[in-house]
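For reference, each letter of the sequence shown is one residue, going 9 to 206 in this note's numbering.
Quick notes on the structure that follows.
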Amino acid sequence: RLAALFIALTLLFSCESGGKANGTADSFTIGYGECNISFDLTKETIYVAGYRGNNPAEGVLDVPKVRAVWLGADVSVLLLSVDCIALASGTVASIRAELSGLSAESGCCEIHIISTHDHAGGDTLGLWGPDGIDGKNAEYMRSLTKAAVTAAEWAYLDRRAGKLYFGSADCSDLREDTRLPRVFDGNVYSFRFIPDDG
């Protein structure tokens, strides 16, 4: 999520300037939306994506969601975060195609779609079904795409002006990289948005 937010903030100042950053904005327009990815385990088999194949979900601890953030300054960027292990490029292209109307209407510069890399969610890549069988559930994937579009639309409708603040803290003593090469960012980053309407 953080990497996409950094990319988006960079794009806010570079989309219309030929790739050259042109400073910081005094005010941002930000909107938020989220939508559940709906499914019914009594009617559908959803294979869990993660540590082993052929592992059908038996229940739900947390309903997976798509969360959307609309970021605007000189230009606008849409960020979508999907609770799933990963998304194939075809799925990303399909979501972007579904959002083409909103993108054209709003003048959105970029749409970034990322995954939370959840090892306990539905198989969105087709890798965790029974041996030799695609583990993706077509209805689940349709619901995921619909949730992405709905969350994006809500984020666009929710947009409001305000100030965006950034902070960081060194927390390297709380993190560990157990694999070689041992490389990680020891900082924790925070963005805080305060809308003008309070």
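Each residue gets a CB set at the ideal place from its N, CA and C atoms; glycine is no exception.
Identity of the residues DSSP links to Ala177 by a beta bridge
Mapped onto the sequence shown, residue 177 falls at position 169. According to DSSP, which records beta bridges pairwise, Ala177 is partnered with Val196.
My guess is that Tyr173 and Arg200 are in contact by the Cβ rule of under 8 Å, so how many angstroms apart are they, rounded?
Indexing the sequence shown from 1 puts residue 173 at position 165. Indexing the sequence shown from 1 puts residue 200 at position 192. With 8 Å as the limit, Tyr173 and Arg200 qualify as a contact, their Cβ atoms being about 4 Å apart.
Can you tell me which residues form a DSSP beta bridge with Lys73?
Taking the first residue of the sequence shown as position 1, residue 73 is located at position 65. Beta-bridge pairing links Lys73 to Asn44.
Compute the Euclidean distance between the alpha carbons of Asp178 and Arg190, then round it to the nearest angstrom.
In the sequence shown, the residue the question calls residue 178 occupies position 170. In the sequence shown, the residue the question calls residue 190 occupies position 182. Their Cα atoms are separated by approximately 17 Å.
Can you find at least 3 beta carbon pairs, one from the region 39-46 and one from the region 153-169, that sit closer than 8 Å?
By the Cβ criterion, the region 39-46 is in contact with the region 153-169, since at least three pairs of Cβ atoms, one from each stretch, lie closer than 8 Å.
Within the region 69-129, note down every full beta strand (DSSP E) run reaching 3 residues or more, in order along the chain.
Restricted to the region 69-129, the beta strand (DSSP E) segments that are unbroken, complete and at least 3 residues in length are 73-80, 84-90 and 116-123, listed in chain order.
Just to confirm the assignment, what range does the alpha helix (DSSP H) spanning Ala159 have?
The residue labelled residue 159 in the question sits at position 151 within the sequence shown. Counted as a single uninterrupted DSSP element, the alpha helix (DSSP H) harbouring Ala159 occupies residues Ala146 to Asp166.
Are Asp48 and Lys73 close, meaning C-beta to C-beta below 7 Å?
Here residue 48 refers to the residue found at position 40 when the sequence shown is read from its first residue. Here residue 73 refers to the residue found at position 65 when the sequence shown is read from its first residue. Going by beta carbons, Asp48 and Lys73 fall outside the 7 Å limit.
By how many angstroms is the C-alpha of Pro64 removed from the C-alpha of Leu135?
The sequence position of residue 135 within the sequence shown is 127, counting from 1. The sequence position of residue 64 within the sequence shown is 56, counting from 1. Rounded to whole angstroms, Leu135 to Pro64 spans 13 Å at the Cα level.
Nearest CA to the CA of Arg168: which residue from Val68, Arg60 and Leu79?
Numbered from its first residue, the sequence shown carries residue 168 at position 160. Answer by Cα proximity: Leu79.
Mark Val68 as exposed unless 16 or more other C-beta atoms lie within 10 angstroms of its C-beta, in which case mark it buried.
Walking along the sequence shown from the start, residue 68 turns up at place 60. An exposed status is given to Val68, since fewer than 16 other beta-carbon atoms sit within 10 Å of its beta-carbon.
Other residues of its chain near Phe36: CB distance less than 6 Å, five sequence neighbours each side excluded:
Within the sequence shown, the letter at position 28 stands for residue 36. Only Ala81 and Leu172 meet the Cβ criterion.
Under the three-state reduction of DSSP, which class applies to Leu182: helix, strand or coil?
What you label residue 182 is simply residue 174 of the sequence shown in a count that begins at 1. Here Leu182 carries a helix assignment [DSSP, helix/strand/coil].
7 Å Cβ cutoff met for Leu133 and Ala94:
Here residue 133 refers to the residue found at position 125 of the sequence shown. Here residue 94 refers to the residue found at position 86 of the sequence shown. Note that the C-beta distance between Leu133 and Ala94 is below 7 Å.
Straight-line gap, Asp166 to Asp139 (C-alpha atoms, nearest Å)
Within the sequence shown, numbered from 1, the residue matching residue 166 stands at position 158. Within the sequence shown, numbered from 1, the residue matching residue 139 stands at position 131. A direct Cα-Cα distance of roughly 44 Å separates Asp166 from Asp139.
Distance, Cα to Cα, Ala112 vs Arg183?
Here residue 112 is taken as the residue at index 104 of the sequence shown, counted from 1. Here residue 183 is taken as the residue at index 175 of the sequence shown, counted from 1. As the crow flies, the alpha-carbon of Ala112 is around 42 Å from that of Arg183.
Best match in Gly109, Ile38 and Ser123 for proximity to Ser84 [C-alpha to C-alpha]
To locate residue 84, count along the sequence shown from 1; it is residue 76. The residue from Gly109, Ile38 and Ser123 with its alpha-carbon nearest to that of Ser84 is Ile38.
Same chain only: Cβ atoms within 6 Å of Asp193, ignoring 5 sequence neighbours per side
As a position in the sequence shown, residue 193 is number 185, starting the count at 1. None.
Return the bridge partner residues of Thr132 from the DSSP annotation.
Indexing the sequence shown from 1 puts residue 132 at position 124. The beta-bridge partner set that DSSP reports for Thr132 is empty.
Local Cβ density within 10 Å of Gly137, reported as buried at 16 or more and exposed below that
Your numbering for residue 137 matches position 129 in the sequence shown. Buried, because 16 or more other Cβ atoms sit within 10 Å of the Cβ of Gly137.
Counting only the same chain and skipping the five closest in sequence on each side, list residues whose C-beta sits under 6 Å from that of Ile141.
Translated into positions along the sequence shown, residue 141 becomes position 133. Cβ neighbours of Ile141 within its own chain (closer than 6 Å, five residues either side excluded): none.
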